[in-house]
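Structure record follows, encoded as structure tokens.
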Ligand SMILES: Cc1cc2nc3c(=O)[nH]c(=O)nc-3n(C[C@H](O)[C@H](O)[C@H](O)COP(=O)(O)OP(=O)(O)OC[C@H]3O[C@@H](n4cnc5c(N)ncnc54)[C@H](O)[C@@H]3O)c2cc1C
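Residue numbers (the numbering used here): 58 to 540.
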């Protein structure tokens with residue numbers, strides 16, 4: 058038994074210190090299954106003090122550590138890149154404190170997103186960011202990824218809802234970032250803003266203060282089916298141009314509809330449609346009485362085949378079930394799923410999706426699309442069999458081209474799933490050497506030891522292999538965008 062394993066078992070006991078190969082197997086990847094590596098050991102702390110003890114142990118032994126929530130990340134964030142201790146927050150799942158009047162809650166990082174909304178529902182409140190993985194993903198993971206979700210079109214991403222955090226830094230120090238008083242606090246740098254989205258590379262959040270939102274007075278959920286994704290996108294463009302701000306606007310293409318309808322997430326979506334568009338409006342009843350018919354009229358102007366509006370909570374749940382279960386439903390198509398995450402300006406959705414289809418055809422891969430249309434945040438999903446090395450290679454190449462395309466369209470290589478290990482090669486497409494330098498310096502300020510989740514987010518610029526590749530990639534993308 059290694060010194061790390063011995064120390065963990067002595068301190069936490071065998072239930073909370075996992076060291077056998079079988080136990081570690083479950084931690085070899087997240088939702089991005091292309092990159093796999095088992096951690097050296099897994100520890101399940103329950104308190105800030107225990108996390109601090111673990112980080113100090115890593116310092117003493119010179120072992121990197123990787124924080125892990127539920128492992129639903131789609132870019133390799135919690136997957137080790139070498140020997141590492143995985144610090145899983147599954148046992149840190151207490152809602153520590155709720156202030157319904159002041160609209161905030163303090164939670165441990167392992168609290169599952171939807172459990173927080175359930176916990177505060179008694180006060181007529183909820184936690185707004187709602188990733189489609191919300192029934193399993195944790196607030197700690199959401200903070201580290203700056204996660205989004207369907208309702209982030211209107212309400213903003215995680216960063217707009219996190220007020221503060223207690224963080225164990227990589228040298229074992231503890232920092233208190235932000236404040237429950239929120240952004241109007243007049244003193245100090247916005248360090249919680251900087252920490253949000255740092256993917257576990259700035260330390261481990263052990264207590265998180267989040268903003269709570271009042272439940273909307275009323276909600277209208279509408280589903281329209283169209284002959285094509287183009288028509289559904291055009292309807293989205295019209296809705297935004299009209300000045301309405303729906304809470305959510307989600308599109309599913311035909312391949313996704315069919316996968317959903319053949320699965321346990323069946324929602325009654327019309328299978329002959331080229332696309333469905335789910336629009337949710339919320340606010341005062343009187344306003345919605347006017348807005349819902351306006352939206353319906355816009356659907357019809359773009360040739361909607363069928364429009365339905367949920368009559369009650371059960372119907373609303375059904376309409377959302379297909380969207381929320383879409384990634385799960387794709388498990389029916391092939392053993393593995395590569396969920397891409399890119400952003401393009403909303404006005405370029407149609408041409409981008411056409412090019413994505415062409416890329417998919419060129420590589421002979423199985424692809425489906427479900428996306429946060431209001432934000433221009435695309436999720437092309439590639440179903441594949443990871444045991445087939447040749448197919449895996451084609452999938453990776455297609456993924457690379459799709460992300461390059463998003464940048465060429467004036468967009469970004471990630472909307473909400475982070476960089477992890479998946480997109481390291483793409484980072485230089487978005488940032489200059491100077492930009493990357495600033496980020497590396499900020500990272501060193503939080504992680505002076507270099508032990509916090511190494512090999513993520515920022516490419517290793519000292520590596521000749523990496524650096525030699527960059528200028529070619531950047532030059533190619535720029536040249537293609539000129540043409
Ligand atoms: C079916 C499905 C649907 C999804 N839908 C969405 C969606 O709509 N929107 C969206 O944004 N994402 C979505 N995701 C991606 C994923 O759920 C989010 O990134 C989520 O926030 C990850 O949370 P987690 O608890 O699983 O974190 P993990 O996957 O365990 O970890 C994610 C990252 O956070 C770090 N981390 C975890 N806990 C801490 C902590 N306490 N302190 C510091 N760092 C920490 C890890 O090191 C890692 O880098 C989806 C994933 C799946 C599988």
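Even glycine gets a Cβ: it sits at the ideal position worked out from N, Cα and C. These numbers come from a predicted model, not from an experiment.
Reference residue i, options the options, closest by Cα
i           : options            : result
residue 72  : 85, 147, 294       : 147
residue 464 : 401, 349, 166      : 401
residue 202 : 210, 215, 211, 190 : 215
residue 306 : 317, 278, 493      : 278
residue 118 : 513, 363, 508      : 508
residue 327 : 226, 382, 284, 293 : 284
residue 249 : 115, 163, 220, 69  : 220
residue 298 : 308, 254, 351, 345 : 351
residue 310 : 480, 163, 438, 425 : 425
residue 170 : 156, 157, 179, 152 : 152
residue 271 : 432, 182, 70, 62   : 182
residue 154 : 177, 144, 167, 143 : 177
residue 367 : 90, 120, 75, 336   : 336
residue 204 : 446, 429, 466      : 429
residue 314 : 389, 269, 254      : 389
residue 120 : 106, 107, 143, 102 : 143
CB of residue i within 8 Å of CB of residue j, strictly
i           : j           : result
residue 258 : residue 504 : yes
residue 161 : residue 125 : no
residue 200 : residue 222 : yes
residue 301 : residue 348 : yes
residue 225 : residue 112 : yes
residue 338 : residue 304 : yes
residue 129 : residue 187 : no
residue 470 : residue 514 : no
residue 175 : residue 110 : no
residue 266 : residue 237 : yes
residue 196 : residue 164 : yes
residue 218 : residue 185 : yes
residue 552 : residue 286 : Only positions 58 to 540 of the chain appear in this structure, which leaves residue 552 out of reach.
residue 198 : residue 512 : no
residue 260 : residue 116 : no
residue 194 : residue 127 : yes
Close Cβ partners of residue i (< 7 Å) along its chain, the five nearest in sequence each way excluded
i           : result
residue 325 : 375
residue 114 : 64
residue 356 : 281, 292, 364
Environment of residue i [buried if 16+ CB atoms lie within 10 Å]
i           : result
residue 58  : exposed
residue 77  : exposed
residue 456 : buried
residue 500 : buried
residue 489 : exposed
residue 381 : buried
residue 398 : buried
residue 495 : exposed
residue 383 : buried
residue 473 : buried
residue 432 : buried
residue 341 : exposed
residue 60  : exposed
residue 206 : buried
Chain-order list of residues whose beta-carbon lies under 6 Å from that of residue i (same chain, five-residue window excluded)
i           : result
residue 449 : 443
residue 92  : 133, 136, 478
residue 288 : 359, 360
residue 379 : 317, 322, 324, 326
residue 441 : 391, 393, 448, 452
residue 526 : Confidence at residue 526 is low in this model, with a pLDDT of 45, below 50, so its placement is unreliable and the value that follows should be read with caution. Here the set comprises nothing.
residue 276 : 339
residue 211 : 302, 304
residue 180 : 157
residue 95  : 81, 85
residue 75  : 99
residue 386 : 316, 317, 320, 322
residue 308 : 289, 332, 334, 428, 430
Cβ of residue i within 8 Å of any chain C Cβ
i           : result
residue 351 : Structure shown: chain C not included; a single protein chain is present.
Cβ shell of residue i (< 8 Å), same chain only, five flanking positions each side left out
i           : result
residue 454 : 420
residue 416 : 455, 458, 459, 462
residue 123 : 96, 135, 136, 137, 141, 142, 143, 144, 257, 510
residue 480 : 132, 460, 470, 471
Which runs of the alpha helix (DSSP H) at least 4 residues long sit entirely within the region 104-159? Give them in chain order. 105-118
Mind pulling the beta strand (DSSP E) runs of 3 or more residues that sit fully within the region 184-231? 219-225
Could I get the ranges of all uninterrupted alpha helix (DSSP H) runs contained in the region 388-476, with 4 residues as the minimum, in chain order? 406-420, 446-465
Ordered list of beta strand (DSSP E) runs contained in the region 65-105, each at least 3 residues: 98-100
At 3 residues or longer, what runs of the beta strand (DSSP E) sit wholly inside the region 237-304? 261-268, 275-283
Completely contained alpha helix (DSSP H) runs for the region 352-386, where each covers 4 or more residues: 370-381, 383-386
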